[in-house]
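What follows is a short report on a single structure.
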Amino acid sequence: MRKPLIIAHRGARGNKPENTLESFQEAVRLAADFVELDVQKSADEKIVVLHDYHWKNCCRVSDTPYLRIKNAGLKRKIKIPLLEEVLEALDNRIGIDIEIKSMDRDILTLLVRALKGHNKRKIIVSSFIHRHLVELKELLPSLRLGALMSCRPIDPLPILKAARTDLLIQHAEFVDEEYVHLLHRNKKQIFVWTVNDTEDLRRMARCGVDGIVSDFPDRARAAVEETALL
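Position 224 of the sequence shown, counted from 1, bears residue number 226 in this note's numbering, the numbering being contiguous throughout.
Encoded structure:
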């Protein structure tokens, strides 16, 4: 059985502040295969690495210039990076799964520009907003895309076809061995999120998933290696 990739959720957020360079560097140190991060567009058209639409009840990211967002973070001793900074810091050291949070389609043009000159073979772009994936496929046909889903559809295959991707990123609660086999029989891949409990990590490895998103990449790696020995 092939071992699943280990994807560090918002970096190694179990150990460091999420979506920060420190967290991503920790994921590298812990030998994760990928880091997962979230991006949004600021009011001045910067791609900000941040999960929440309203950050710490301070401001709506899409309505706020990056400098104000950055300063708000510094007051809380958290450095909120731009995507360009992360790409430069991690380039070729680890895979990067970029989750698009912004509803605004203008982020797609900014993202294509940001990815220029970087190794796209080590980059995945994912989103719950599947229309973004369709448009990105037109803009960058070779870019690997992932369709995020929080529930289990009756049949995931038409959804993947419509999103123009072969990778489903599914909430782990709804995944079992039969579901994984359905996808694999149809030459699709599946990552699961967010798995932190050791027994759940082992179960996902036994199911044969292609990737596991975890806040604790070292714990995930240990569980996967242990399962492979059984």
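Beta carbons: idealized from backbone N, C-alpha and C, even for Gly.
For residue i, three-class secondary structure by DSSP
| i | result |
| --- | --- |
| Gly1 | Any question about residue 1 goes unanswered here, given that the chain covers just 3 to 232. |
| Ala222 | helix |
| Phe26 | helix |
| Val127 | strand |
| Leu203 | helix |
| Glu90 | helix |
| His56 | strand |
| Gly97 | strand |
Backbone CA spacing between residue i and residue j [nearest angstrom]
| i | j | result |
| --- | --- | --- |
| Val30 | Lys122 | 18 Å |
| Leu52 | Asp217 | 16 Å |
| Pro265 | Lys48 | Outside the modelled stretch of the chain, which goes from 3 to 232, sits residue 265, for which no answer is possible. |
Proximity test, Cβ basis, 8 Å: residue i and chain C
| i | result |
| --- | --- |
| Val177 | Looking for chain C here will not work: only one protein chain is present. |
Proximity winner among the options, relative to residue i (alpha-carbon distances)
| i | options | result |
| --- | --- | --- |
| Lys79 | Pro6, Glu24, Glu175, Asp108 | Glu24 |
| Asn17 | Leu203, Asn198, Ile214, Cys209 | Asn198 |
| Glu179 | Lys103, Asp212, Leu162, Leu150 | Asp212 |
| His173 | Ala225, Ile214, Leu138 | Ile214 |
| Ala45 | Arg154, Lys72, Leu117 | Lys72 |
| Arg208 | Leu112, Val226, Ile161 | Val226 |
According to DSSP, residues forming a beta bridge with residue i
| i | result |
| --- | --- |
| Gln42 | Val50 |
| Cys209 | Cys209 is not bridged to any residue. |
| Phe193 | Ile171, Gly213 |
| Ile71 | Paired residue(s): none; Ile71 is not in a bridge. |
Beta carbon of residue i nearer than 8 Å to that of residue j
| i | j | result |
| --- | --- | --- |
| Trp195 | His56 | no |
| Gln1 | Leu159 | Outside the modelled stretch of the chain, which goes from 3 to 232, sits residue 1, for which no answer is possible. |
| Ile9 | Phe193 | yes |
| Ala165 | Val127 | no |
| Ile100 | Phe36 | no |
| Leu85 | Tyr68 | no |
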